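Working notes, structure below.
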Amino acid sequence: MRYLKDKEKEDASVLFEECRKIATYALCKKDKCGAIIEKNGEVIGSGYNGPPLDEPENCKCAHVYKLTEKPKSDQTCCPHAEWRAIMDALKKNPGKMNGSRIYFSRVSDSGDILPSGKPYCTVCSRLVLDSGIKEFILQNEEGIVAYDTKEYNDISYAFFE
Numbered sequence: 047m048r049y050l051k052d053k054e055k056e057d058a059s060v061l062f063e064e065c066r067k068i069a070t071y072a073l074c075k076k077d078k079c080g081a082i083i084e085k086n087g088e089v090i091g092s093g094y095n096g097p098p099l100d101e102p103e104n105c106k107c108a109h110v111y112k113l114t115e116k117p118k119s120d121q122t123c124c125p126h127a128e129w130r131a132i133m134d135a136l137k138k139n140p141g142k143m144n145g146s147r148i149y150f151s152r153v154s155d156s157g158d159i160l161p162s163g164k165p166y167c168t169v170c171s172r173l174v175l176d177s178g179i180k181e182f183i184l185q186n187e188e189g190i191v192a193y194d195t196k197e198y199n200d201i202s203y204a205f206f207e
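Put into structure tokens, the structure is as follows:
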């Protein structure tokens, strides 16, 4: 884990603004999230969370989950923003994900970026690691943090220990 500084932090701030815009399109009733995948300054994939196929009849957000210790964003029917960003990159830019970075942001109902907490979603962490993405970037209260995807995956699993 490392905190981004100087030019790298400035560039990341621009990309988080893009995540914020994408997150405002989220159709999930529990959380509004956006993700982009960037490589060499080019956005190669993006996504927001929403019901499968973005069809309201596929929305199951009102379902009550028995595993209440899971964070609310993991108690949803919606494909996560990270999953959709990966699928988008695979469709539009096959073969470009190796060595890329994924940026993730959650927004309030008014569209403001909310600080990300510690990594916890093991489905996202596994998928990001397996896709060849090099770093997972979050904006939290202390600053903008870059995690190696292996480290991110390990921290996600440790969250529930």
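Numbering (my numbering), first residue to last: 47 to 207. We treat Cβ as the ideally placed atom computed from N, Cα and C, and that holds for glycine. Since this is a predicted model, take the numbers as computed values, not measurements.
Expected contact under 8 Å - CB spacing of residue i and residue j to nearest Å
{"i": "isoleucine 179", "j": "arginine 147", "result": "7 Å"}
{"i": "arginine 66", "j": "glycine 157", "result": "7 Å"}
{"i": "lysine 142", "j": "lysine 85", "result": "6 Å"}
Contact set for residue i: own chain, Cβ-Cβ below 6 Å, skip 5 residues either direction
{"i": "histidine 208", "result": "Residue 208 cannot be examined here, being either before or after the span of the chain that is shown, 47 to 207."}
{"i": "lysine 55", "result": "Ile190"}
{"i": "glutamate 64", "result": "Ile82"}
{"i": "threonine 70", "result": "Gly157"}
{"i": "glycine 145", "result": "Lys180"}
{"i": "isoleucine 68", "result": "Gly80, Ser92 and Tyr94"}
Other residues of its chain near residue i: CB distance less than 7 Å, five sequence neighbours each side excluded
{"i": "alanine 131", "result": "Ala81, Ile82, Ile83, Gly91, Ser92, Gly93 and Ile148"}
{"i": "proline 98", "result": "Asn104 and Pro125"}
{"i": "aspartate 100", "result": "Leu73"}
Residue from the options with nearest C-alpha to residue i
{"i": "valine 174", "options": "Gly87, Trp129, Glu64 and Ile68", "result": "Trp129"}
{"i": "lysine 259", "options": "Glu181, Asn186 and Phe205", "result": "Since the first residue shown for the chain is 47 and the last is 207, residue 259 is missing from the structure and cannot be characterised."}
{"i": "threonine 168", "options": "Ile183, Lys137 and Ile201", "result": "Ile201"}
{"i": "lysine 138", "options": "Met47, Phe205, Val89 and Ile68", "result": "Val89"}
{"i": "glycine 87", "options": "Asp77, Ala58, Ala72 and Leu73", "result": "Ala58"}
{"i": "methionine 47", "options": "Ile183, Glu207 and Leu136", "result": "Ile183"}
{"i": "leucine 160", "options": "Met143, Asn186, Asp176 and Lys142", "result": "Asn186"}
{"i": "phenylalanine 150", "options": "Gly141, Lys142 and Ala192", "result": "Ala192"}
{"i": "lysine 76", "options": "Pro165, Ser154 and Val60", "result": "Ser154"}
Residue i burial status per 10 Å Cβ neighbour count (16 or more: buried)
{"i": "tyrosine 203", "result": "exposed"}
{"i": "lysine 78", "result": "buried"}
{"i": "proline 102", "result": "exposed"}
{"i": "phenylalanine 206", "result": "exposed"}
Residues near residue i in its chain [Cβ-Cβ closer than 8 Å; skip 5 each side]
{"i": "glutamate 188", "result": "Tyr49"}
Kindly provide the ranges of any alpha helix (DSSP H) runs that are 4 or more residues long and lie completely inside the stretch 148–195, ordered along the chain.
168–176
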